[in-house]
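Heads up: the structure comes next, in structure tokens.
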Ligand code: DON
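Residue numbers (the numbering used here): 190 to 487.
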């Protein structure tokens, strides 16, 4: 009560319900190994992932031999911190709201990759890491937006220029780019387009015809109730991204954030292979799939 009245007296917004509604959540600790030691630390929204990411990167270096606070040991420690913080500051948050890619960040594959880009004798450069704090930049080719109003009316819209900046031509003073959407047609049956799609006669180019598009703005309902509004950019992966996001949520009970953020895979008839994002499949699963006759491509 004292806190609430102090808050309100100074124009704050705290109310008694905020305290009544607060619950402690007991979470499983993050675990990693450093030298001969097992480190157990705080999961998100704490920063144990970042502690573990830094230690895991440093685990391969002989800091002791390099010497306490020698330029070399400071250099490698700082570069580990730079990367782990870039990941923390752009990817981590309250797990009730965002998907935290903990396994990925602490996986030996990822840690090795981070080490491989640390120069032996040059400081890294945070601006040129290719990582951006959100809001993410809008794509230069396809844009999707999903809107729901307070009555539950939903709009799902995808618009596209096709390639980056479309035809790369602005008409007069219109201020917008002309698209290069003709490539969504089959220019010649059997010949692939920019997305390696091989298509037949049905989508062959013709006057007054509209090209077959992968764009698939989608609304999912349960009975009369809105469940999801989805869509994507990415050529043919638009289709498989939407499908997987629906599967994640309906079959695997994931919340929409996890459902969207998980690494995905893709198959589009030809080429006859499964495209997979890094960490989409475990090493074991990849082995089983290969045995079944699948070709996998990262
Ligand atoms: O409509 C289509 O299928 C393509 N023009 C979409 C292109 C696209 O999504 C490019 N985006 N990343």
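C-beta: ideal position from N, C-alpha, C; glycine also.
Where residue i sits in the DSSP three-state scheme
i           : result
residue 159 : Nothing can be reported for residue 159, as the shown portion of the chain is limited to 190 through 487.
residue 277 : helix
residue 384 : coil
residue 213 : coil
residue 346 : strand
residue 457 : coil
residue 363 : coil
residue 337 : strand
residue 265 : helix
residue 222 : strand
residue 394 : coil
residue 464 : strand
residue 480 : helix
residue 203 : coil
residue 358 : coil
6 angstroms CB neighbourhood of residue i in its chain, flanking five on each side removed
i           : result
residue 216 : 232
residue 234 : 283
residue 388 : 375
residue 382 : 372
residue 142 : The first residue shown for the chain is 190 and the last is 487, placing residue 142 beyond what the model contains.
residue 343 : 337, 408, 415 and 418
residue 446 : 287 and 288
residue 201 : none
Neighbourhood of residue i by C-beta, 7 angstroms cutoff - its chain only, sequence neighbours within 5 removed
i           : result
residue 427 : 403, 404, 405 and 421
residue 247 : 265, 266 and 269
residue 293 : 299 and 468
Proximity test, residue i beta-carbon vs the ligand DON heavy atom, cut-off 6 angstroms
i           : result
residue 402 : yes
residue 349 : yes
residue 373 : yes
residue 136 : Outside the displayed range of the chain (190 to 487) lies residue 136, so it cannot be described from this structure.
residue 332 : no
residue 422 : yes
Cβ shell of residue i (< 8 angstroms), same chain only, five flanking positions each side left out
i           : result
residue 279 : 320, 321, 322 and 323
residue 479 : 485
residue 208 : 192 and 193
residue 431 : 405, 407, 419, 420 and 421
residue 358 : 366 and 367
residue 296 : 468
Residue i at chain D interface by Cβ criterion, 7 angstroms
i           : result
residue 275 : The structure shown contains no chain D; it is built from a single protein chain.
Specify whether the segment 328-335 and the segment 348-361 touch according to this definition: at least 3 beta carbon pairs, one from each stretch, less than 8 angstroms apart. Enough Cβ pairs lie closer than 8 angstroms, so yes.
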